[in-house]
Amino acid sequence: MKKIGILPCGGRGSRFKPFFYPKELFPFGYFTYNKDLKPKPIIMYAVESMVKAGVKKIFFVITPDKLEIMDFFRDGSDFGFDAAYFFQKDPGGSGIAFTIPAKFVNSNDLVFFQMPDNINIPINHFVKLLKQLTNHEVALGVFPSFNPNFFGRVEIFKNKGLAKSNQKPPATNTAVCSGIIKGSVFKELFLLARSNFDQIINKNDPQQELRLLVLLSYYEQMAKNKFYYHYFKSGQCLDIGDPKNLKKIICSLKKHQLIQ
Numbered sequence: 001m002k003k004i005g006i007l008p009c010g011g012r013g014s015r016f017k018p019f020f021y022p023k024e025l026f027p028f029g030y031f032t033y034n035k036d037l038k039p040k041p042i043i044m045y046a047v048e049s050m051v052k053a054g055v056k057k058i059f060f061v062i063t064p065d066k067l068e069i070m071d072f073f074r075d076g077s078d079f080g081f082d083a084a085y086f087f088q089k090d091p092g093g094s095g096i097a098f099t100i101p102a103k104f105v106n107s108n109d110l111v112f113f114q115m116p117d118n119i120n121i122p123i124n125h126f127v128k129l130l131k132q133l134t135n136h137e138v139a140l141g142v143f144p145s146f147n148p149n150f151f152g153r154v155e156i157f158k159n160k161g162l163a164k165s166n167q168k169p170p171a172t173n174t175a176v177c178s179g180i181i182k183g184s185v186f187k188e189l190f191l192l193a194r195s196n197f198d199q200i201i202n203k204n205d206p207q208q209e210l211r212l213l214v215l216l217s218y219y220e221q222m223a224k225n226k227f228y229y230h231y232f233k234s235g236q237c238l239d240i241g242d243p244k245n246l247k248k249i250i251c252s253l254k255k256h257q258l259i260q
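Numbering (full-length UniProt numbering), first residue to last: 1 to 260.
Here it is, written out as structure tokens:
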């Protein structure tokens with residue numbers, strides 16, 4: 001069994017303009033590299049979360065205008081993992097990006113996912129999710145968020161402390177922001193996305209993209225009891241790709257002592 005991380009880096013970054021460098025490499029804090037402090041790109045937080053959970057291989061799905069991500073990580077050995085890169089010709093949505101490397105995933109593998117411009121707190125959240133895969137096929141992390149509309153809103157049931165996906169929930173500040181999927185289910189998702197794109201796609205999305213959480217929600221309707229949601233009540237999902245919330249995000253990172 002292999003632990004494989006997938007980071008879909010094909011987003012347009014339209015909210016980050018006029019910053020035209022890949023938003024995933026936008027510096028946010030510092031990290032130690034060769035005993036020196038270096039600017040820490042946003043994507044490093046997602047990478048660190050995966051490596052802490054034992055991920056040894058990470059697939060980066062990039063567009064041709066984001067080759068700088070390859071230049072930064074190269075083969076991944078400096079950061080404790082093996083890197084592989086896949087090209088996505090057109091953005092098309094995270095649901096499509098997520099399934100591009102499907103043929104390189106075996107049924108007994110575990111697939112870790114997170115958006116590369118998110119910082120999910122606690123950083124070791126994948127370690128906690130990993131423990132739930134004994135009795136479930138999919139374990140999803142639910143976090144408080146400043147802007148849940150950009151992820152997948154969920155409804156929290158106070159009496160159970162659990163979360164349930166909901167395409168049209170009441171106003172909420174929680175969102176699904178990461179997860180682990182067994183390889184066998186991952187392959188089913190790949191076939192589902194390719195064969196039912198027109199049915200699953202969000203018709204209200206002006207960009208007509210297939211988003212990963214819409215795909216997961218569609219699959220969940222056919223696979224009851226395979227999903228587990230863990231609500232990180234004291235955690236936070238910080239979307240750095242939305243510059244409007246940068247001040248709030250900086251305060252949250254200081255609160256959790258991730259930056260000074």
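For every residue, glycine included, the Cβ atom is placed at its ideal position computed from N, Cα and C.
Residue of Ile250, Gly141, Met70, Phe186 minimising C-alpha distance to Phe104
Position 104 of the sequence shown, counted from the start, is the residue given in the question as residue 104. Selected option, being the one with the closest Cα: Phe186.
Candidates Val55, Gln114, Leu189, Glu24: which alpha carbon is nearest Phe81's?
Here residue 81 is taken as the residue at index 81 of the sequence shown, counted from 1. Per the Cα distances, Val55.
Lys131 classed as buried or exposed, judged by whether at least 16 other C-beta atoms fall within 10 angstroms
Position 131 of the sequence shown, counting from 1, holds the residue named residue 131. Lys131 comes out exposed.
State the Cα-Cα distance for the pair Ile69 and Glu188, rounded to the nearest angstrom.
Within the sequence shown, the letter at position 69 stands for residue 69. Within the sequence shown, the letter at position 188 stands for residue 188. Here the C-alpha atom of Ile69 lies approximately 29 Å from the C-alpha atom of Glu188.
Measuring CB atoms only, is the region 118-129 touching the region 172-186, in the sense that at least three cross pairs come out at less than 8 Å?
They touch, by the three-pair rule.
With 16 other CB atoms within 10 Å as the buried threshold, where does Tyr229 fall?
For the purposes of this step, residue 229 is taken as the residue at position 229 of the sequence shown. By the C-beta density criterion, Tyr229 is buried, having at least 16 other C-beta atoms within 10 angstroms.
Runs of beta strand (DSSP E) lying entirely within the region 8-76, each at least 3 residues, in chain order:
Complete beta strand (DSSP E) runs here, min 3: 27-33, 36-41, 57-62.
Can you tell which of Val127, Gly183, Val142 has the C-alpha that lies nearest to the C-alpha of Lys52?
Sequence index remark: in the sequence shown, residue 52 carries index 52 (1-based). If we check each option's Cα against that of Lys52, Val127 comes out closest.
Lys103 in three-state terms, based on DSSP
The sequence position of residue 103 within the sequence shown is 103, counting from 1. DSSP places Lys103 in helix when its eight states are reduced to three.
When the Cα of Leu253 is compared with those of Pro122, Gly183, Lys182, which residue comes out closest?
Taking the sequence shown and counting its residues from 1, one reaches residue 253 at position 253. The shortest C-alpha separation from Leu253 is found at Pro122.
Quick check on DSSP: helix, strand or coil for Gln114?
In the sequence shown, counting from the first residue as 1, residue 114 sits at position 114. Strand.
Using the beta-carbon count (16 or more within 10 Å), is Asp71 buried or exposed?
Taking the sequence shown and counting its residues from 1, one reaches residue 71 at position 71. It counts as exposed.
Does any residue of chain D have a CB that is nearer than 8 Å to the CB of Val176?
Chain labels in this structure do not include chain D; a single protein chain is all it has.
Compare the beta carbon distance of Val111 and Ile43 with 8 Å and say whether it is the shorter of the two.
What you label residue 111 is simply residue 111 of the sequence shown in a count that begins at 1. What you label residue 43 is simply residue 43 of the sequence shown in a count that begins at 1. With respect to Ile43, Val111 sits apart: the two C-beta atoms are not nearer than 8 Å.
Any idea what DSSP makes of Lys187, helix, strand or coil?
Numbered from 1 along the sequence shown, position 187 holds the residue referred to as residue 187. Residue state, collapsed to three classes: helix.
Assigned secondary structure, Phe87 (DSSP; H/G/I helix, E/B strand, else coil)
Working through the sequence shown from its first residue, we reach residue 87 at position 87. Strand.
To the nearest whole angstrom, what separates the beta carbons of Leu129 and Lys182, a pair I think is in contact under 8 Å?
Here residue 129 refers to the residue found at position 129 of the sequence shown. Here residue 182 refers to the residue found at position 182 of the sequence shown. Going by Cβ atoms, the distance from Leu129 to Lys182 rounds to 12 Å, so no, they are not a contact pair.
Please classify Lys182: does DSSP put it in a helix, a strand, or coil?
Against the sequence shown, residue 182 aligns to sequence position 182. Note: Lys182 maps to strand in three-state DSSP.
Would you call Tyr30 buried or exposed, if buried means 16 or more other Cβ atoms sit within 10 Å of its Cβ?
In the sequence shown, counting from the first residue as 1, residue 30 sits at position 30. Exposed.
Do Ile62 and the ligand NAP come close, with the Cβ less than 7 Å from some heavy atom?
By its list of ligands, the structure shown contains no ligand whatsoever, and the ligand NAP lies outside what it can speak to.
Rounded C-alpha distance that separates Leu258 from Tyr85
Residue numbering aside, residue 258 sits at position 258 when the sequence shown is read from its first letter. Residue numbering aside, residue 85 sits at position 85 when the sequence shown is read from its first letter. Rounded to whole angstroms, Leu258 to Tyr85 spans 28 Å at the Cα level.
On the three-state DSSP scale, how would you describe Lys233?
The residue you call residue 233 lines up with position 233 of the sequence shown. Three-state DSSP puts Lys233 in coil, outside helix and strand.
In terms of alpha-carbon separation, which member of Lys66, Phe59, Asp65, Gly10 lies closest to Gly76?
On the sequence shown, residue 76 is found 76 positions in, with the first residue counted as 1. Cα-wise, what sits closest to Gly76 is Phe59.
Taking just the CA atoms, how far does Ile62 sit from Phe98?
Within the sequence shown, numbered from 1, the residue matching residue 98 stands at position 98. Within the sequence shown, numbered from 1, the residue matching residue 62 stands at position 62. One alpha carbon belongs to Phe98, the other to Ile62, and they sit about 11 Å apart.
Quick check on Met1: buried or exposed, where buried means 16 or more other Cβ atoms within 10 Å of its Cβ?
Here residue 1 refers to the residue found at position 1 when the sequence shown is read from its first residue. Classification of Met1: exposed, given that the 10 Å Cβ count is below 16.
Mapping DSSP to helix, strand and coil, what is Ile6?
Translated into the one-based positions of the sequence shown, residue 6 becomes position 6. Collapsing the DSSP output to three states places Ile6 in a strand.
Under a three-way DSSP split, which group does Asp78 fall into?
The residue labelled residue 78 in the question sits at position 78 within the sequence shown. Secondary structure at Asp78: helix, using DSSP grouped into helix, strand and coil.
Start and end of the alpha helix (DSSP H) containing Phe126?
Position 126 of the sequence shown, counting from 1, holds the residue named residue 126. For Phe126, the uninterrupted alpha helix (DSSP H) run begins and ends at 125-130, by DSSP.
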